[in-house]
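So the sequence shown is numbered by this note's numbering: it starts at 965 and just counts up by one.
To keep things clear, I will list the structure first and then write my remarks on it.
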Amino acid sequence: MRSPASHVACPEKRLLVCCARTRMPPAVAERLRALAAGALDWDFVFAAAAENSITPLLVLQLRATAADVLPPGVRERLRDAAHAHVARSLLGIAELIRISEAFRRDGIQAIPYKGPVLAAQAYGDMTLREFGDLDIVLSQRDMAQANELLVSLGYHARFPWILSPGAAASLVPGEYNYRDESGRLLVELHTEVTLRHFPVRLDLDDLAQRLVPVSLSRQEIRTFGPEDGILLLCVHGAKDFWERISWVADIAELVQAQPLDWEAVFQRAESLRLGRMLRLGLQLARGLLDAPLPVEIAARVSGDAVAASMASEIEHRLLGRKVAPLGAGEVLRFRRRMVEGTVAGWRYFLRLATIPAEEDWQMVRLPRPLAPLYVALRPLRLLWKYGRARGRLPQTPE
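What follows is the structure, encoded as structure tokens:
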């Protein structure tokens, strides 16, 4: 995962890391003021904040901590960014409430997560977490009914044919995507089948026993309890190689906002074979964003040398001005290290490498009798994708 361009942290990214929090320690505030007063590429700062989904935190902390040292024009850009973000957030919150109520009326157990519910649960403010879509988890058995409901609400499925009676059962996307007629709102439905980056399939009925309420615009929405939510967040970060600072901030904010039952967290992680993913997420939150952990939990996290090494590599990538895309060999190495044990790690990688997904269907549309061939086509497409990204074939993993 090493990228030569990312070994030196650029000052703009260091400023973003200082801002990516709701609690500002004095030492971090001092660093932030010094960086903000320096010679920065502010166009890059705003672009990188948007790319890392932390614009609301950038606005919050620069206004609170460094407003008097900002160059002319930056305060106005912060104001404009704040207004645009709040407008988008309020639109998304209202729509999530509308969709959740429709699911409830239809008798579908639908569990919102990330997005505004995580903003309320971890950040204490619905407008402090940037989100580009509305994520909802439900059982695969309810997908056909959920599809009909979203269509009735004015949404259009990205792949409507995969839920048709004639579609092959193996055609399950990474998530079921829906856009509203305006194109401004994206809803992603996740099921125990689409959440394929869990080494062990989730029992959603079990998780539903531990839902907790959060308040959105005075409406009660039930979401995952923090002990389950942190596992979902760690898997989500690992799924996409922890390429956004906001995903680390989610972990850091959640562990500070919620009184976690750490024993339950680690027990559930081990039962789902998520121990490494959990320790990696916590190591990133502690190392990059100074998230405080109980002494015994910090010791468990530090004791995983592989997770510590991976966290260091990820931090280098996050803090570089330009981050090279991962090559096929780096993807392989990352995936297999996410599950402990040599055999288990390879099994996890091979499963992910052979489960067909949306990009495979887009490459070639096969008739239903030939759908099993996607299993063979997917590894070839991945080799082409990641080999092209790095301009080389995969190297032998370490």
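The C-beta atom is built at its ideal place from N, Cα and C for all residues, glycine as well.
It should be emphasised that the depicted structure is a prediction, and the values quoted were computed from it without experimental measurement.
Which of helix, strand or coil DSSP assigns to residue i
i	result
T1306	helix
P1076	strand
T1187	strand
N1141	strand
I1215	helix
I1018	coil
E1094	coil
V1038	helix
P1177	strand
I1061	helix
H1049	helix
L1252	helix
A998	helix
A1317	helix
H1154	strand
A1275	helix
Rounded C-alpha distance that separates residue i from residue j
i	j	result
F1123	V1151	13 Å
K977	P1258	28 Å
F1205	D1089	27 Å
A1046	S1146	22 Å
A1084	I1075	15 Å
L1159	L1166	8 Å
L1034	R1250	28 Å
I1209	A1058	26 Å
I1100	G1002	42 Å
L999	V1157	45 Å
V1009	R1143	29 Å
V1212	E1112	35 Å
G1037	A1228	49 Å
Cβ-based burial, residue i [other Cβ within 10 Å; buried from 16]
i	result
P1137	buried
D1192	buried
V1265	buried
R987	exposed
R1043	exposed
D1214	buried
E1304	buried
P1223	exposed
R1148	exposed
T1029	buried
Cβ-based neighbour list, residue i, same chain, cut-off 6 Å, excluding 5 preceding and 5 following
i	result
A1221	A1086
A1255	A1216, V1219 and A1249
L1246	V1265
D1097	L1150 and E1152
A1053	Contrary to the premise, residue 1053 reads as Ser rather than Ala in this sequence. Only T1091 meet the Cβ criterion.
Y1140	L1153
Cut-off 7 Å between Cβ atoms - residues of its own chain near residue i, not counting five sequence neighbours on either side
i	result
P975	L999, G1002 and L1004
Sequence-distant residues of its chain with Cβ nearer than 8 Å to residue i (five each side left out)
i	result
E1207	R1281, L1282 and V1287
| Contact the region 1056-1069 vs the region 1095-1108: 3+ CB pairs below 8 Å | yes
| Stretch-stretch touch, CB-based, cutoff 8 Å, three pairs: the region 1171-1180 with the region 1199-1213 | no
| said: Taking contact to mean 3 or more Cβ pairs, one atom from each stretch, closer than 8 Å, check whether the region 1220-1234 and the region 1281-1295 are in contact. | reply: no
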